[in-house]
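Residues in the sequence shown are numbered from 3 upward in steps of one, following this note's numbering. C-beta atoms are modelled at their ideal positions from N, C-alpha and C, and glycine is treated no differently. This structure is a prediction, so every number in the text was calculated from the model and none was measured.
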Amino acid sequence: MKIAAIVVLYHPDEDVFLDNLGKYAKLVDTVLVWRNSPIEFDVPEEFSEKIIWCGTQTNAYIAEPLNYALNWCQEHECDYLLTMDQDSSWEDFGSFLATVEALPKENVAIFAPNINGPKNGGVVADVEGVVTSCSLCNVQIAQRLGGFREDYRIYWVDSEYCLWARRNGYRIQVLCQHFVRHVFGSSTIVALGVKASNYSATSYFFLFRNMFWMRREFRNEPSLKCITYTFAYYIPGIIFGEKNKIRKLGCITKACFQGCFKGIPSKRRRKHLE
């Protein structure tokens, strides 16, 4: 398999990023490093020849870099794209690849590891969706599906892609015995055990707007239970534990209105599959 990786950086911790990079860079053919913020360090010489620096050092979020990488992979005849986060740490990427090599690959859009999960279960599980980080995406399938939704920018990009893939007969598989440790944001525990996620107002806007866009387009997903949980999880944290409460709640209100009533710029269409 010919594999390229893309890792999207946004104000990374240099030591953490370089340590995580070293766990997979030697085992792929190329690493596209997309800079969503100014970066002032170099990578170790041992794999510097594999690195291609991308991005303008301004925030392009996540979908645009992923589509750029998919197009790059197609131009350079890569079979798979490994989509990485700066804070994800592989336990043994080489072992993960060896397992993928041995598995049947027909109609599998993504192979993914067990992220922060318990060390039990079978070898492979078909799942409804996975997060972007550490996903090994089949490039041909991704291009046929139309890539990632750039109008979503960041939140729900992974869920929407996985849903679209499944609706078109493709599978998402988790390799249960291969592990990744991933840090999700910078949440804190506040009053009465409520968790504050501490996202920016802009992040909350995309999180809630995209959730409703996805519901409108795909009718029954995300489920009403998921939508209710999202409100119950984030709103108390903002009220009881976060700064800029009024601005964040205002952005969520605006997001709900736009998500429910304004037009969706680029719905999925059958043309992606022609």
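Original post:
With C-beta atoms as the reference, is Glu130 less than 8 Å away from Cys164?
Top reply: Closer than 8 Å, so yes.
Subject >> Residues that DSSP places opposite His184 in a beta bridge >> reply: In the DSSP output, where bridge partners are listed per residue, His184 has Ser90.
**OP:** Tell whether a beta-carbon distance below 8 Å holds between Ala127 and Val159.
**Re:** Contact: no.
Original post:
Could you give the distance in angstroms between the alpha-carbon of Pro106 and the alpha-carbon of Arg211?
Top reply: Straight-line Cα distance between these residues: approximately 37 Å.
**OP:** Alpha carbon to alpha carbon, how far is Gly123 from Thr58? Give it in angstroms, no decimals.
**Re:** Rounded to whole angstroms, the separation of the alpha carbons of Gly123 and Thr58 is 42 Å.
Original post:
CB Val45 to CB Ala7, shorter than 8 Å?
Top reply: Contact flag unset, no.
**OP:** Report all residues from its chain with a CB closer than 7 Å to the CB of Ala27; omit the five preceding and five following residues, and keep chain order.
**Re:** So the list reads Val33, Phe49, Lys52, once near-sequence residues are dropped.
**OP:** Return the CA-CA distance between Glu79 and Asp31, expressed in angstroms with no decimal places.
**Re:** Between Glu79 and Asp31, the C-alpha separation is close to 11 Å.
Subject >> As assigned by DSSP and simplified to three states, the class of Leu194 >> reply: Here DSSP, grouped into helix, strand and coil, assigns Leu194 to helix.
Original post:
Could you give the C-beta distance for Leu11 and Ile41, rounded to a whole number, given that I count them as a contact under 8 Å?
Top reply: Correct: roughly 6 Å between the Cβ atoms.
**OP:** Express the C-alpha separation of Gly148 and Ile174 in angstroms, rounding to a whole number.
**Re:** The straight-line gap from Cα to Cα measures roughly 17 Å.
Subject >> Cβ-based burial, Thr134 [other Cβ within 10 Å; buried from 16] >> reply: In this structure Thr134 is buried. Its beta-carbon is surrounded by 16 or more other beta-carbon atoms within 10 angstroms.
Original post:
Should Gly243 and Ala203 be called a contact, given that it needs their Cβ atoms to be closer than 8 Å?
Top reply: In this structure, the beta-carbon distance from Gly243 to Ala203 does not fall below 8 Å.
Original post:
Going by alpha carbons, who is nearest to Arg155 out of Phe181, Phe113, Phe208?
Top reply: It is Phe208 whose Cα lies nearest to the Cα of Arg155.
Original post:
When the distance is taken between beta carbons, is Met213 closer than 8 Å to Ile191?
Top reply: The criterion of a C-beta distance shorter than 8 Å is not satisfied by Ile191 and Met213.
**OP:** Using a threshold of 8 Å, state whether the C-beta atoms of Glu152 and Glu66 are closer than that.
**Re:** It is a contact, given that the beta carbons lie within the stated cut-off.
Subject >> Beta-carbon separation (whole angstroms), Leu83 vs Ala71, contact threshold 8 Å >> reply: The Cβ separation is near 6 Å, so the contact holds.
**OP:** Go through the stretch 11 to 81 residue by residue and report every complete run of the alpha helix (DSSP H) that reaches 4 residues or more, in order.
**Re:** Fully enclosed alpha helix (DSSP H) runs of 4 or longer: 16 to 23, 65 to 77.
**OP:** Just the C-alpha distance for Arg270 and Phe150, rounded to the nearest angstrom, thanks.
**Re:** Arg270 and Phe150 have their C-alpha atoms roughly 10 Å apart.
Original post:
In this structure, does DSSP put Val159 in helix, strand or coil?
Top reply: Here Val159 sits in helix by DSSP.
Subject >> Test item: CB-CB of Asn116 and Phe186 under 8 Å >> reply: Result no, Cβ atoms of Asn116 and Phe186 do not sit closer than 8 Å.
Original post:
On the three-state DSSP scale, how would you describe Val102?
Top reply: Three-state result, Val102: helix.
**OP:** Mark Leu2 as exposed unless 16 or more other C-beta atoms lie within 10 angstroms of its C-beta, in which case mark it buried.
**Re:** This structure gives no information on residue 2, because the portion of the chain shown stretches from 3 to 276.
Subject >> Same chain, Cβ closer than 7 Å to Glu250, five either side skipped, listed in chain order >> reply: Note that residue 250 is Lys in the sequence shown, not Glu. Beyond the five residues adjoining it in sequence on each side, Lys250 comes within less than 7 Å, by CB distance, of Ala203, Tyr206, Ile240, Glu244 in the same chain, given in chain order.
Original post:
Asp87: buried (16+ other C-beta within 10 angstroms of its C-beta) or exposed?
Top reply: Asp87 counts as buried, since no fewer than 16 other beta carbons sit within 10 angstroms of its beta carbon.
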